Amino acid sequence: MKIMITHGSGGVGSAERFTADFFRDKGFDVIVNDYFTQYDIKMLRWHEDFPDDYEMSFVEMFETIEIPDEPIYHIGFSLGGFFGIINHEKFVKNYLFYPGVLGFTEDMINKDYSNAWVISGMEDKGQEK
Numbered sequence: 014m015k016i017m018i019t020h021g022s023g024g025v026g027s028a029e030r031f032t033a034d035f036f037r038d039k040g041f042d043v044i045v046n047d048y049f050t051q052y053d054i055k056m057l058r059w060h061e062d063f064p065d066d067y068e069m070s071f072v073e074m075f076e077t078i079e080i081p082d083e084p085i086y087h088i089g090f091s092l093g094g095f096f097g098i099i100n101h102e103k104f105v106k107n108y109l110f111y112p113g114v115l116g117f118t119e120d121m122i123n124k125d126y127s128n129a130w131v132i133s134g135m136e137d138k139g140q141e142k
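Just so you know, we're using my numbering here: the sequence shown kicks off at 14 and counts up by one.
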């Protein structure tokens with residue numbers, strides 16, 4: 014079985030590496046997708062006082078990610094979770110951890126997301142109450 018992992022706005026970090034190692038140790042074929050490096054993006058800042066220095070939209074970045082034409086599971090962290098929402102129909106299952114949802118179109122709202130699980134914790138540090 015094949016698993017694709019997509020990262021959040023901080024790029025590939027410990028969550029992605031730990032998850033990839035965990036599944037590889039169990040015998041899965043794992044792809045960790047780093048879609049920032051090709052655009053020389055280290056991380057997204059999400060703050061008006063620290064503007065980002067790239068002109069690529071997330072959707073354009075996501076279009077460069079090659080999804081194998083075979084059954085594949087997806088694990089997305091934060092911004093990678095948004096990738097999973099946009100491309101949900103291309104995966105057997107989507108496990109989206111704290112997906113950074115950047116807006117929905119009417120077309121997106123009317124789709125069947127029954128293959129997607131959104132995972133977030135109400136009591137985690139940093140969560141708004």
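Yeah, the Cβ is synthetic: ideal placement off N, Cα and C, and Gly gets one too.
Every value quoted in this text rests on a predicted model; they were computed, and no experiment measured them.
| query | What does Leu109 pair with, by DSSP beta-bridge criteria? | reply | Gly89 and Val131
*Is it the case that the Cβ atoms of Ser22 and Ser91 are separated by a distance below 8 Å?*
yes
Taking a contact to mean a Cβ-Cβ separation below 8 Å, would you say Phe71 touches Phe95 in this structure?
yes
- request: Starting from the C-beta of Phe104, find all residues in its chain whose C-beta is less than 8 Å away, skip the five residues before and the five after it, and write them out in chain order.
  value: Met17, Ile80, Ile85, Tyr86, His87, Gly97 and Asn128
Just curious, the beta strand (DSSP E) that Met17 is in, first and last residue? Lys15 to Thr19
Please return the same chain residues whose Cβ sits closer than 7 Å to the Cβ of Glu83, not counting the five positions on each side in sequence. Lys15
Helix or strand or just coil, what does DSSP make of Gly94? helix
### Same chain, Cβ closer than 8 Å to Leu57, neighbours up to 5 away in sequence not counted
Ser22, Gly23, Asp65 and Leu92
Notebook entry, point to check: How should Glu76 be labelled, buried or exposed, when 16 other C-beta atoms within 10 angstroms of its C-beta is the threshold for buried?
Noted result: exposed
**Message:** Alpha carbons only, please: which of Glu73, Gly113, Trp130 and Asp120 is nearest the one belonging to Tyr52?
**Reply:** Glu73
For Asp38 and Val25, what's the separation of their Cα atoms in angstroms? 19 Å
Going by other Cβ atoms of all chains shown within 10 Å of its Cβ, with 16 needed for buried, is Phe117 buried or exposed?
exposed
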